[in-house]
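Student: Each residue of the sequence shown is one higher than the last, beginning at 10 in this note's numbering.
Yeah, the Cβ is synthetic: ideal placement off N, Cα and C, and Gly gets one too.
One structure follows; several queries about it will come next.
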Amino acid sequence: MFQHMFSSMNELLDGITKQYPQASDQEQMAFLKQITELKQMSDSFIEQWLIFEEKVSDFHDSFGEGQSVPIAQTVLEEESESIEGPIPVYSAVESSTCNMSDLTIPEEAALIINRGQGYYKLFMFSHAAGLFQDAISIAPECNLARLFLGMSQMHMQNWQEAQRQFQLLIVLSDFPKWLALGYNALGCIHAVHMNIAQAEKLFLKAYEVYPSFTDSLNNLKSCQETPGQLSLYFGSTELCCL
Numbered sequence: 010m011f012q013h014m015f016s017s018m019n020e021l022l023d024g025i026t027k028q029y030p031q032a033s034d035q036e037q038m039a040f041l042k043q044i045t046e047l048k049q050m051s052d053s054f055i056e057q058w059l060i061f062e063e064k065v066s067d068f069h070d071s072f073g074e075g076q077s078v079p080i081a082q083t084v085l086e087e088e089s090e091s092i093e094g095p096i097p098v099y100s101a102v103e104s105s106t107c108n109m110s111d112l113t114i115p116e117e118a119a120l121i122i123n124r125g126q127g128y129y130k131l132f133m134f135s136h137a138a139g140l141f142q143d144a145i146s147i148a149p150e151c152n153l154a155r156l157f158l159g160m161s162q163m164h165m166q167n168w169q170e171a172q173r174q175f176q177l178l179i180v181l182s183d184f185p186k187w188l189a190l191g192y193n194a195l196g197c198i199h200a201v202h203m204n205i206a207q208a209e210k211l212f213l214k215a216y217e218v219y220p221s222f223t224d225s226l227n228n229l230k231s232c233q234e235t236p237g238q239l240s241l242y243f244g245s246t247e248l249c250c251l
């Protein structure tokens, strides 16, 4: 039912997109109203889906059934391939040595992070960023929320705010791969602003901290070989697997 409904909504939006440039002012106003209504419907269903996901998570927490895994543990265990793209980012997470603040997440913050992850997986990065910021307000030491917030800001190309979050991450976290992620992210930001020498130092630092994190070496190679046409690894797809 939902698949058919969203398929119909997409078809309607495609039709509006084709007709809009040639439409009269009055027709364009009507089209804009339709799009607003479609967006409201979409947001409503997404919100209901997130509520359902929270209830499923609560059920597993209460009765211990199924394959539910605590957030921090999931982040430590999940691995997937990085992808290549025109905008930078990185990969995530695992280690044998860690700061307990990387693992200890207050329940209230954990619930908010779960909602943020739902929006993140749907590529609704602005909504996700707001929730991750809320989680940090509750638990300033929560590096998982900071990791997702930094990633969300990178997706939105809010470089200054992303840089601030990752600078804090590398100060607060002890996970080698999270540190590598932070250094790699900072390197990508410098590369975007064509500060190639500094970017190369940060990519190398990321590799030194966690040699298995190959994205940083690929980014370093890209800076050294084709600085005018950078192709930086954006490993945030790993977070979408959580």
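Across the segment 192 to 201 and the segment 210 to 224, are there enough close Cβ pairs to call them in contact, namely three or more that are closer than 8 Å?
Tutor: Because the criterion of three Cβ pairs below 8 Å is met, the segment 192 to 201 and the segment 210 to 224 touch.
Student: Less than 8 Å between the beta carbons of A194 and F175, yes or no?
Tutor: Yes, the Cβ-Cβ distance between A194 and F175 is below 8 Å.
Student: How far does the alpha helix (DSSP H) with D224 in it extend, from its first residue to its last?
Tutor: From DSSP, the alpha helix (DSSP H) with D224 extends over 224 to 234.
Student: Tell me which residues share the same chain as A148 and place their Cβ nearer than 6 Å to its Cβ, disregarding the 5 neighbours each side in the sequence.
Tutor: Excluding residues within five positions, the ones whose Cβ falls inside 6 Å are P115, A118.
Student: Using three-state DSSP, classify L241 as helix, strand or coil.
Tutor: It is a strand residue.
Student: Report back the beta-carbon spacing between L181 and N152 to the nearest angstrom; my notes put them in contact at under 8 Å.
Tutor: Indeed they touch by this definition, with Cβ atoms about 6 Å apart.
Student: Kindly list the residues whose CB is nearer than 7 Å to the CB of Y216, restricted to its own chain and excluding five residues on each side of it in sequence; keep chain order.
Tutor: Correct list, in chain order: F222, S225, L226.
Student: Report yes if the CB atom of Y129 is closer than 8 Å to the CB atom of P185, and no otherwise.
Tutor: It is not a contact, given that the beta carbons lie outside the stated cut-off.
Student: By how many angstroms is the C-alpha of Q43 removed from the C-alpha of F54?
Tutor: Rounded to whole angstroms, F54 to Q43 spans 17 Å at the Cα level.
Student: Going by beta-carbon coordinates alone, are L178 and L156 separated by less than 8 Å?
Tutor: A contact, by the Cβ cut-off of 8 Å.
Student: How many angstroms separate the CA atom of A171 from the CA atom of G191?
Tutor: Approximately 10 Å, taken between the alpha carbons.
Student: Spatial neighbours of A137 within its chain, please: CB distance less than 6 Å, with the 5 preceding and 5 following residues excluded, ordered by chain position.
Tutor: G125, Y128, Y129, S161.
Student: Taking the Cβ atom as the reference point for each residue, do F134 and H164 lie within a distance shorter than 8 Å?
Tutor: Cβ atoms of F134 and H164: closer than 8 Å.
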